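Okay, so here's the structure we're looking at.
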Amino acid sequence: MKDAVRRLNEEYQFKLTDKEIDLVAQQAEEAALLFKPLFEVNVDGITPLTKVDKRERQILAPKKGKK
Amino acid sequence: MKTVDLEGLTIGVLAPLLKKKQISPLEITKNYLERIARLNPQLNAYLAMAEDDALAAAKKAEKEIRHGKYRGPLHGIPLSIKDNIATKGVITTAGSKILADWVPDHDATVVERLKAAGAIILGKTNMHEWAKGSNSINPFYGTPLNPWDTTRIPGGSSSGSAVAVAANLCLGSIGTDSAGSVRNPASLCGTVGLKPTFGRISSFGGVAGTGGYTVNHFGILTRTVRDCALVLNQTAGYDPKDPLSSDVPIMNYTKTLGAPVKGMKIGIIKGYFDQCITNEVRQAFDEALKALKKLGMKPEEIEIPHMDLIPAAQAASTRPEANSDHDHYLRTRPRDYSPGLLYSLIAGLLTPAPVYVHAQRVRRLICQEFDDAFKSVQIIVAPTIFSPAPTIDDCNRGYIEADGKRINLQDRAGNFLTRYTIPFNVTGLPDMSICCGFSSGGLPIGMQIVAPPFREDLVFQVASAYDGVTEWHKRNPPL
Numbered sequence: 399m400k401d402a403v404r405r406l407n408e409e410y411q412f413k414l415t416d417k418e419i420d421l422v423a424q425q426a427e428e429a430a431l432l433f434k435p436l437f438e439v440n441v442d443g444i445t446p447l448t449k450v451d452k453r454e455r456q457i458l459a460p461k462k463g464k465k
Numbered sequence: 010m011k012t013v014d015l016e017g018l019t020i021g022v023l024a025p026l027l028k029k030k031q032i033s034p035l036e037i038t039k040n041y042l043e044r045i046a047r048l049n050p051q052l053n054a055y056l057a058m059a060e061d062d063a064l065a066a067a068k069k070a071e072k073e074i075r076h077g078k079y080r081g082p083l084h085g086i087p088l089s090i091k092d093n094i095a096t097k098g099v100i101t102t103a104g105s106k107i108l109a110d111w112v113p114d115h116d117a118t119v120v121e122r123l124k125a126a127g128a129i130i131l132g133k134t135n136m137h138e139w140a141k142g143s144n145s146i147n148p149f150y151g152t153p154l155n156p157w158d159t160t161r162i163p164g165g166s167s168s169g170s171a172v173a174v175a176a177n178l179c180l181g182s183i184g185t186d187s188a189g190s191v192r193n194p195a196s197l198c199g200t201v202g203l204k205p206t207f208g209r210i211s212s213f214g215g216v217a218g219t220g221g222y223t224v225n226h227f228g229i230l231t232r233t234v235r236d237c238a239l240v241l242n243q244t245a246g247y248d249p250k251d252p253l254s255s256d257v258p259i260m261n262y263t264k265t266l267g268a269p270v271k272g273m274k275i276g277i278i279k280g281y282f283d284q285c286i287t288n289e290v291r292q293a294f295d296e297a298l299k300a301l302k303k304l305g306m307k308p309e310e311i312e313i314p315h316m317d318l319i320p321a322a323q324a325a326s327t328r329p330e331a332n333s334d335h336d337h338y339l340r341t342r343p344r345d346y347s348p349g350l351l352y353s354l355i356a357g358l359l360t361p362a363p364v365y366v367h368a369q370r371v372r373r374l375i376c377q378e379f380d381d382a383f384k385s386v387q388i389i390v391a392p393t394i395f396s397p398a399p400t401i402d403d404c405n406r407g408y409i410e411a412d413g414k415r416i417n418l419q420d421r422a423g424n425f426l427t428r429y430t431i432p433f434n435v436t437g438l439p440d441m442s443i444c445c446g447f448s449s450g451g452l453p454i455g456m457q458i459v460a461p462p463f464r465e466d467l468v469f470q471v472a473s474a475y476d477g478v479t480e481w482h483k484r485n486p487p488l
């Protein structure tokens with residue numbers, strides 16, 4: 399993750415110090431761990447949510463559970 | 010003309026007096042401006058005042074009412090607007106250094122509608138930098154202070170709005186809420202805070218980058234449930250300028266106020282809302298449930314199978330959505346963000362696109378689970394925050410001490426101050442926080458009332474029934 403932060407640092411010209419790069423990389427690693435369980439859910443046939451109008455909610459896919 | 014004590018004044022009380030010409034809109038506006046001049050240096054609720062515009066609008070309201078052109082319950086009513094909502098000719102900073110000098114050339118739709126209803130806009134309220142946090146410790150404009158105890162945070166990000174309402178520095182305020190930013194400060198300051206259904210109030214004129222597109226809502230802070238309904242009546246409804254606004258028909262939200270709730274089933278979600286809850290909040294919430302039972306409501310445990318994924322779904326949605334609006338400033342003015350915000354925005358750039366899309370699919374699943382739950386209950390209730398307001402020192406060191414243990418304010422899944430409110434951003438469900446008690450230290454505690462999509466009428470019905478048998482909402486902070 400540190401390499402990815404360094405690449406962003408270069409592209410965006412943030413001028414981050416090494417300590418700051420470590421901090422950001424740590425946050426990104428924590429986020430990756432947080433997001434991991436999302437992929438343990440079976441979402442076959444479920445389209446992304448875009449609005450919560452009743453009309454929108456009526457086209458819900460069949461209920462799916464954890465894999 | 011009558012003189013009015015601003016302490017504890019409500020829209021519901023003032024509006025009929027204005028209509029009957031017993032109170033002058035100009036006098037009342039002057040009274041609020043004087044009170045703000047006296048108390049704002051201590052509380053830091055307002056970032057900018059719109060004094061000239063407010064006085065001009067008050068004069069106009071006075072003239073119109075005198076000539077029998079009464080526009081309705083908000084005519085001549087002094088309100089405030091969070092500083093990430095565009096106000097024509099009035100500075101709009103979003104609590105940021107980057108927008109320190111921005112003066113919009115247009116009003117947000119919600120501001121336009123309030124002005125059309127005759128409301129008086131007193132000024133812009135302080136907030137967390139770019140609305141990206143809930144302690145509102147703001148390095149650029151100072152930290153708004155909780156009027157119940159000025160060593161404590163008021164919550165956020167709509168902190169100034171909640172402080173202004175609780176301290177009687179206006180009669181209502183418009184905030185925004187992408188993780189709890191209306192309900193969280195409402196809970197910590199003891200006011201009413203409504204986040205309506207996603208799309209119920211137009212978001213046009215919200216400052217880009219102050220909330221993810223699919224989780225952000227405009228909301229209302231007032232002293233009473235009735236006042237909240239009066240403001241929603243004027244601000245709800247489809248807006249062609251906001252493609253995410255809803256065309257589901259609006260209602261008269263005052264209609265269900267005071268209606269009986271006997272026989273209604275209340276859903277209680279077990280587990281999720283027990284995370285780190287303090288004893289004082291648990292006790293207050295249990296007492297509130299007893300009061301609802303006395304009203305004839307029937308609590309029932311419900312299950313939301315994927316509740317545990319809500320923090321991940323929220324973070325995976327809001328980070329990329331809000332980041333897209335910061336790209337320009339990240340490239341040109343990165344050091345004009347506070348360091349903590351800069352780091353989290355950069356980390357947000359590393360969220361892979363499949364994570365975002367997958368999170369939206371999980372969100373639909375969670376919405377369906379809530380829809381299923383609402384087949385057996387009419388309403389869901391939950392505590393708003395796990396603890397009463399932390400001190401500013403607690404926030405700076407990152408934890409509170411309660412019930413003999415240390416509770417961190419942040420973990421991998423995000424901010425604990427918004428942990429209980431994000432389920433209703435992920436699902437877009439209408440949710441109101443009302444005061445349901447006070448801690449032993451005299452700090453307000455909030456309870457959330459949640460209904461199916463576009464059933465704000467049910468939220469108002471239950472909230473008003475609860476307020477009818479309790480006195481919490483009548484307390485004033487010791488200023």
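If you read the protein sequences in the order shown, they are chains A and B.
All residue numbers for the first sequence refer to the numbering used here, where the first residue is 399 and numbers rise by one.
All residue numbers for the second sequence refer to the numbering used here, where the first residue is 10 and numbers rise by one.
Ideal Cβ placement from N, Cα and C applies to all residues, glycine included.
Owing to the predicted nature of the structure, the values given are computational and were not obtained by experimental measurement.
Boundaries of the beta strand (DSSP E) harbouring F227 (chain B): H226 to T231, taken from the DSSP string. Proximity of E408 (chain A) to chain B, defined by a Cβ-Cβ separation below 8 Å, is not satisfied.
Three or more Cβ pairs closer than 8 Å define a contact, and the stretch 404-419 of chain B falls short of that threshold against the stretch 434-451 of chain B.
Note on W157 (chain B): 16 or more other CB atoms within 10 angstroms of its CB, so buried under the neighbour-count rule. A direct Cα-Cα distance of roughly 35 Å separates P113 (chain B) from V364 (chain B).
Ranked by how close their Cα comes to the Cα of A103 (chain B), the residues B:K299, B:T96, B:V191 and B:W139 have B:W139 in first place. With a threshold of 16 other beta carbon atoms within 10 Å, S449 (chain B) falls short and is exposed. DSSP assignment within the stretch 278-337 of chain B yields the following whole beta strand (DSSP E) runs of 3 residues or more, N-terminal first: 307-311. Cβ atoms of N93 (chain B) and G215 (chain B) come within 8 Å of each other, at about 6 Å. Secondary structure of V13 (chain B) (DSSP, three-state): coil. When C-beta atoms of the stretch 78-94 of chain B are compared with those of the stretch 18-37 of chain B, three or more pairs fall below 8 Å, so the two segments count as touching. By the criterion of at least three beta-carbon pairs nearer than 8 Å, the stretch 159-173 of chain B is not in contact with the stretch 74-81 of chain B. Residue-level contact by beta carbon fails for T415 (chain A) and chain B, as no gap is shorter than 8 Å. Rounded to the nearest whole angstrom, the CA to CA distance from K434 (chain A) to W111 (chain B) is 40 Å. Not flagged as an interface residue toward chain A: Q419 (chain B), since no C-beta distance is shorter than 8 Å. Scanning the stretch 415-449 of chain B from its first residue to its last, the whole beta strand (DSSP E) runs of 3-plus residues come out as 440-447.
Per DSSP, the unbroken alpha helix (DSSP H) holding Y352 (chain B) starts and ends at P348 to G357.
Taking the C-beta atoms as reference points, I90 (chain B) is found nearer than 8 Å to T134 (chain B). Look at L358 (chain B): its C-beta is under 8 Å from a C-beta on chain A. Taking the C-beta atoms as reference points, F395 (chain B) is found nearer than 8 Å to R428 (chain B). G218 (chain B) has its alpha-carbon roughly 6 Å from the corresponding atom of H335 (chain B). Between the C-alpha atoms of T263 (chain B) and P148 (chain B) there is a straight-line separation of about 40 Å.
The stretch 302-315 of chain B makes contact with the stretch 261-280 of chain B; the number of CB pairs closer than 8 Å reaches 3 or more. The C-beta distance from E465 (chain B) to T244 (chain B) rounds to 12 Å, too long to fall under 8 Å, and the pair is not in contact.
Contact check for R209 (chain B) and S143 (chain B): beta-carbon distance about 22 Å, past the 8 Å limit, so the pair fails to qualify. Taking A472 (chain B) as reference, the option from B:N49, B:V234, B:P486 and B:N155 with the minimal CA-CA separation is B:V234. A residue is called buried once 16 or more other Cβ atoms fall within 10 Å of its Cβ, and K141 (chain B) is buried on that count. Listed along chain A is no residue with a C-beta nearer than 8 Å to that of A382 (chain B); the closest approach is about 12 Å.
The Cβ of C179 (chain B) sits no closer than 8 Å to any Cβ of chain A.
Under the three-state reduction of DSSP, G477 (chain B) is assigned to helix. DSSP lists no bridge partner for Y365 (chain B).
Ranked by Cα distance from T327 (chain B), the first of B:Q377, B:E310 and B:G221 is B:G221.
The beta carbon of A300 (chain B) sits closer than 7 Å to the beta carbons of Y475, V478 and T479 from its chain, once the five residues preceding and following it are set aside; these are given in chain order.
For D186 (chain B), the beta-bridge partners assigned by DSSP are B:H226. Looking from the CA of S187 (chain B), the closest CA among B:I458, B:H226 and B:N177 belongs to B:H226. From the listed residues B:R192, B:G349 and B:C237, the smallest Cα separation to A398 (chain B) is found for B:R192.
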